[in-house]
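Novice: If you read the protein sequences in the order shown, they are chains Y and G. Per the UniProt record's numbering, residue 1 is the first one in the first sequence, and the count goes up by one each step. Per the UniProt record's numbering, residue 1 is the first one in the second sequence, and the count goes up by one each step. I have a structure here, written as structure tokens, and I will follow up with some questions on it.
There are 2 protein chains.
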Amino acid sequence: MAHRRSDVLAHAVALLDTHGLSALTMRRLGSELGVQPSAIYHHFASKQELLAAVADEILARGARPRTAVAWPDRLREVCTELRLAMLACTDGADVVATVWAFGLGAAGPVSELEKVLADAGAPADLAAVASRTLLHYVFGHAFEEQTARQAVSLGAVDRPLESLPDFDLGLDLVVDGLRARLA
Amino acid sequence: MAHRRSDVLAHAVALLDTHGLSALTMRRLGSELGVQPSAIYHHFASKQELLAAVADEILARGARPRTAVAWPDRLREVCTELRLAMLACTDGADVVATVWAFGLGAAGPVSELEKVLADAGAPADLAAVASRTLLHYVFGHAFEEQTARQAVSLGAVDRPLESLPDFDLGLDLVVDGLRARLA
Chain Y
1 MAHRRSDVLA HAVALLDTHG LSALTMRRLG SELGVQPSAI YHHFASKQEL
51 LAAVADEILA RGARPRTAVA WPDRLREVCT ELRLAMLACT DGADVVATVW
101 AFGLGAAGPV SELEKVLADA GAPADLAAVA SRTLLHYVFG HAFEEQTARQ
151 AVSLGAVDRP LESLPDFDLG LDLVVDGLRA RLA
Chain G
1 MAHRRSDVLA HAVALLDTHG LSALTMRRLG SELGVQPSAI YHHFASKQEL
51 LAAVADEILA RGARPRTAVA WPDRLREVCT ELRLAMLACT DGADVVATVW
101 AFGLGAAGPV SELEKVLADA GAPADLAAVA SRTLLHYVFG HAFEEQTARQ
151 AVSLGAVDRP LESLPDFDLG LDLVVDGLRA RLA
């Protein structure tokens with residue numbers, strides 16, 4: 001049976017969400033779709049390319065309307081959307097951060113942060129550093145939150161979760177640093 | 001053959017550094033040491049407990065003398081030590097961030113950051129948020145840098161690496177945010 005690329009991608013996201021990143025292999029994906037791995041490679045030339053498409057799909061599904069006007073709020077909007085999109089899929093933070101590190105996808109948030117900062121009058125080098133700093137903060141926070149919640153939920157570890165809701169507070173700290181530079 | 005806990009731990013770190021996180025299993029560790037997995041479990045009750053000991057060993061090996069006096073420099077010293085310790089071992093950032101998320105180890109850096117901030121006069125709630133923000137930034141940056149360098153070095157991906165040396169610039173941005181709060 002032939003599958004369209006979009007069907008294979010949708011199944012890959014479902015497989016990731018249900019069984020986690022370690023289960024997301026070309027072999028298993030082919031087996032669940034009733035095709036040879038070569039049929040998967042027809043659509044995605046490599047595991048990295050599949051992961052990149054999965055990361056971009058995770059971000060696309062998390063897209064929310066933009067309503068903020070002031071640049072600090074616009075930055076928060078992008079960072080919050082990114083965080084929630086990753087948290088909405090099992091191992092989403094790991095996948096999106098890995099694909100970003102590979103340079104193969106998940107590039108939307110940084111582009112958008114850079115644009116917000118350029119609009120706010122930041123020089124290009126500050127906009128680049130600040131966008132990457134915000135991204136690294138969001139990745140680091142989301143990775144902890146998701147790993148902790150998943151492990152506790154599986155009964156693998158037993159840790160308190162009440163420190164996790166400090167995402168906005170830490171984000172404000174980075175934004176304050178930026179405000180000092182843009183003043 | 002009986003092995004001391006420290007021998008098993010040293011071999012686990014060597015296995016991680018040589019073959020990466022996916023190779024670090026209780027079974028493989030036992031096999032390489034010529035013992036049954038049960039002999040490994042005698043020293044480490046679970047895979048999580050082993051990972052926690054490995055993370056703390058990675059941090060211990062990266063320990064450097066403290067010489068800074070002013071609080072921003074003291075924060076930078078702790079963050080830089082953490083970053084370099086993780087980068088010094090294959091998949092070190094992944095292991096340390098995961099163990100921190102599990103709540104099972106790698107707690108030294110946050111404790112030290114909190115102490116530096118308390119000494120600088122930060123209220124406890126700000127010290128807690130700021131320490132976690134710095135940690136998440138360091139984790140996010142180190143994860144990108146390590147994942148990118150390892151993947152490029154293996155020939156798995158081909159991406160430019162020149163954006164990676166911006167660690168200190170991003171750290172300064174967070175420190176500036178903190179400076180604004182402490183002023």
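Just so you know, even glycine gets a beta-carbon here, dropped at the ideal spot from N, CA and C.
(1) Is there contact here, the segment 17 to 30 of chain Y with the segment 46 to 60 of chain Y, by at least three beta-carbon pairs under 8 Å?
(2) List the residues of chain G that G108 (chain Y) touches, going by C-beta distances under 7 Å, in chain order.
(3) Run the CB neighbour count on L104 (chain Y), radius 10 Å, all protein chains shown included, and call it buried at 16 or more, exposed below.
(4) Quick one: which chain C residues come within Cβ less than 7 Å of A156 (chain Y)?
(5) List the residues of chain Y whose Cβ lies closer than 8 Å to the Cβ of W100 (chain G), in chain order.
(6) Start and end of the alpha helix (DSSP H) containing F143 (chain Y)?
(7) What are the start and end residues of each continuous alpha helix (DSSP H) run of 4 or more residues lying completely inside the segment 61 to 105 of chain G, in chain order?
(8) Between the segment 125 to 139 of chain Y and the segment 80 to 99 of chain G, do at least 3 Cβ pairs fall closer than 8 Å?
(9) Taking A155 (chain G) as the reference, give the member of Y:R74, Y:F102 and Y:A183 with the closest Cα.
(10) Just checking my contact of F139 (chain Y) with F143 (chain G) at CB under 8 Å: how many whole Å lie between their CB atoms?
(11) Per DSSP, what kind of secondary structure is V116 (chain Y) in: helix, strand or coil?
(12) For the alpha helix (DSSP H) that G121 (chain Y) lies in, which residues bound it at each end?
(13) Rounding to the nearest angstrom, what Cα-Cα distance links residue 186 (chain G) and L33 (chain Y) in this structure?
(14) Can the beta-carbon of L164 (chain Y) be found closer than 9 Å to that of R149 (chain Y)?
(15) Can you pull the chain G residues whose beta carbon is under 9 Å from the beta carbon of D166 (chain Y), in chain order?
(16) For Y41 (chain G), which residues of its own chain have a beta-carbon under 8 Å away from its beta-carbon, when the five flanking residues on both sides are left out?
(17) Please list, in chain order, all residues of the same chain as L178 (chain Y) whose beta carbon is under 7 Å from its beta carbon, the five residues on each side excluded.
(18) Determine the extent of the alpha helix (DSSP H) in which R181 (chain Y) is found, giving its start and end residues.
(19) R61 (chain G): buried (16+ other C-beta within 10 angstroms of its C-beta) or exposed?
(20) Do you know offhand how far L15 (chain Y)'s Cα is from V96 (chain Y)'s?
(21) Work out the CA separation of V174 (chain G) and P123 (chain G) for me, nearest whole Å.
(22) Identify every run of the alpha helix (DSSP H) within the UniProt domain "HTH tetR-type" (2 to 62) of chain Y, keeping only runs that are complete inside it and at least 4 residues long; order them along the chain.
(23) If you reduce the DSSP assignment to three classes, tell me which class P109 (chain Y) lands in.
(24) With H, G and I counted as helix, E and B as strand and the rest as coil, what does DSSP make of L161 (chain G)?
(25) Run the CB neighbour count on Q146 (chain Y), radius 10 Å, all protein chains shown included, and call it buried at 16 or more, exposed below.
(26) Which residues of chain G have a Cβ atom closer than 8 Å to the Cβ of L173 (chain Y), listed in chain order?
(27) Would you report the Cα separation of L113 (chain G) and A55 (chain G), rounded to the nearest angstrom?
(28) Exposed or buried, what is A52 (chain G) when buried is set at 16 or more other beta-carbons lying within 10 Å of its beta-carbon?
(29) Does the Cβ of D94 (chain G) have 16 or more other Cβ atoms within 10 Å, making it buried, or fewer, making it exposed?
(30) Under 9 Å, Cβ to Cβ, is there at least one residue of chain Y near L169 (chain G)?
(31) So the candidates are Y:L182, Y:D73 and Y:L59; which of them puts its Cα closest to the Cα of W100 (chain Y)?
(32) Measuring alpha carbon to alpha carbon, tell me which residue in G:T18, G:G30 and G:G20 is nearest R4 (chain G).
Specialist: On the basis of the coordinates in this document:
(1) Contact between the segment 17 to 30 of chain Y and the segment 46 to 60 of chain Y is present: 3 or more CB-CB pairs across the two stretches fall below 8 Å.
(2) In the first sequence, residue 108 (chain Y) corresponds to position 108, counting from 1. Scanning chain G for C-beta atoms nearer than 7 Å to the C-beta of G108 (chain Y) yields nothing, as the closest lies near 16 Å away.
(3) To locate residue 104 (chain Y), count along the first sequence from 1; it is residue 104. By the neighbour-count criterion, in which 16 or more other beta carbons inside 10 Å mark a residue as buried, L104 (chain Y) falls on the buried side.
(4) Considering every chain present, this structure includes no chain C. Its protein chains are Y and G.
(5) Position 100 of the second sequence, counted from the first residue, corresponds to residue 100 (chain G). Here the neighbours are E144.
(6) As a position in the first sequence, residue 143 (chain Y) is number 143, starting the count at 1. A124 to S153 is the extent of the alpha helix (DSSP H) around F143 (chain Y).
(7) Within the segment 61 to 105 of chain G, the complete alpha helix (DSSP H) runs of at least 4 residues are 71 to 87 and 92 to 102.
(8) Verdict: no, contact absent.
(9) Mapped onto the second sequence, residue 155 (chain G) falls at position 155. The amino acid occupying residue 155 (chain G) in the given sequence is Gly; Ala does not appear at that position. Selected option, being the one with the closest Cα: Y:F102.
(10) Here the question's residue 139 (chain Y) lines up with position 139 in the first sequence. Here the question's residue 143 (chain G) lines up with position 143 in the second sequence. With a beta-carbon spacing of about 7 Å, F139 (chain Y) and F143 (chain G) fall inside the 8 Å limit used to define contacts.
(11) Walking along the first sequence from the start, residue 116 (chain Y) turns up at place 116. Reduced to three states, the DSSP call for V116 (chain Y) is helix.
(12) Residue mapping note: residue 121 (chain Y) aligns to position 121 of the first sequence, counting from 1. Unbroken run through G121 (chain Y): none, as it is neither H nor E.
(13) In the structure displayed, chain G extends from 1 to 183; residue 186 (chain G) sits before or after that span and is not available.
(14) Within the first sequence, residue 164 (chain Y) is the residue found at index 164, counting from 1. Within the first sequence, residue 149 (chain Y) is the residue found at index 149, counting from 1. Contact: yes.
(15) Here residue 166 (chain Y) is taken as the residue at index 166 of the first sequence, counted from 1. Those within 9 Å of D166 (chain Y) in chain G are A128, V129, R132 and T133.
(16) Start at 1 with the first residue of the second sequence, and residue 41 (chain G) comes out as number 41. Cβ within range, chain order: M26.
(17) Here residue 178 (chain Y) refers to the residue found at position 178 when the first sequence is read from its first residue. Taken in chain order, the residues that qualify are A130.
(18) As a first step, residue 181 (chain Y) must be located in the first sequence, where it is residue number 181. Taken as a continuous stretch (DSSP letters only), the alpha helix (DSSP H) holding R181 (chain Y) covers F167 to L182.
(19) By 1-based counting over the second sequence, the position of residue 61 (chain G) is 61. So R61 (chain G) counts as exposed.
(20) Position 15 of the first sequence holds residue 15 (chain Y). Position 96 of the first sequence holds residue 96 (chain Y). Taking the straight line joining both Cα atoms gives about 16 Å.
(21) The count along the second sequence starts at 1 and reaches residue 123 (chain G) at position 123. The count along the second sequence starts at 1 and reaches residue 174 (chain G) at position 174. Each residue's Cα considered, the two are about 17 Å apart.
(22) Taking 4 residues as the shortest admissible run, the UniProt domain "HTH tetR-type" (2 to 62) of chain Y contains the following complete alpha helix (DSSP H) segments, listed from N- to C-terminal end: 5 to 19, 26 to 33, 37 to 43 and 47 to 61.
(23) Translated into positions along the first sequence, residue 109 (chain Y) becomes position 109. It is helical.
(24) Counting from 1 along the second sequence, the entry for residue 161 (chain G) is found at position 161. The DSSP-derived three-state label of L161 (chain G) is coil.
(25) Residue mapping note: residue 146 (chain Y) aligns to position 146 of the first sequence, counting from 1. Buried is the call here.
(26) Translated into the one-based positions of the first sequence, residue 173 (chain Y) becomes position 173. Within 8 Å Cβ-Cβ: V129, A130, T133, V174, G177, L178 and R181.
(27) Along the second sequence, read from residue 1 onward, the residue named residue 113 (chain G) stands at position 113. Along the second sequence, read from residue 1 onward, the residue named residue 55 (chain G) stands at position 55. Between the C-alpha atoms of L113 (chain G) and A55 (chain G) there is a straight-line separation of about 18 Å.
(28) By 1-based counting over the second sequence, the position of residue 52 (chain G) is 52. Taking every protein chain shown into account, the CB of A52 (chain G) has 16 or more other CB atoms within 10 angstroms, so this residue is buried.
(29) For the purposes of this step, residue 94 (chain G) is taken as residue 94 along the second sequence, with counting starting at 1. D94 (chain G) should be labelled buried.
(30) Counting from 1 along the second sequence, the entry for residue 169 (chain G) is found at position 169. Taking a beta-carbon distance threshold of 9 Å, L169 (chain G) counts as an interface residue toward chain Y.
(31) Taking the first sequence and counting its residues from 1, one reaches residue 100 (chain Y) at position 100. The option with the nearest alpha carbon to W100 (chain Y) is Y:L59.
(32) Here residue 4 (chain G) corresponds to residue number 4 of the second sequence, with the count starting at 1. For the residues G:T18, G:G30 and G:G20, the minimum Cα distance to R4 (chain G) belongs to G:G30.
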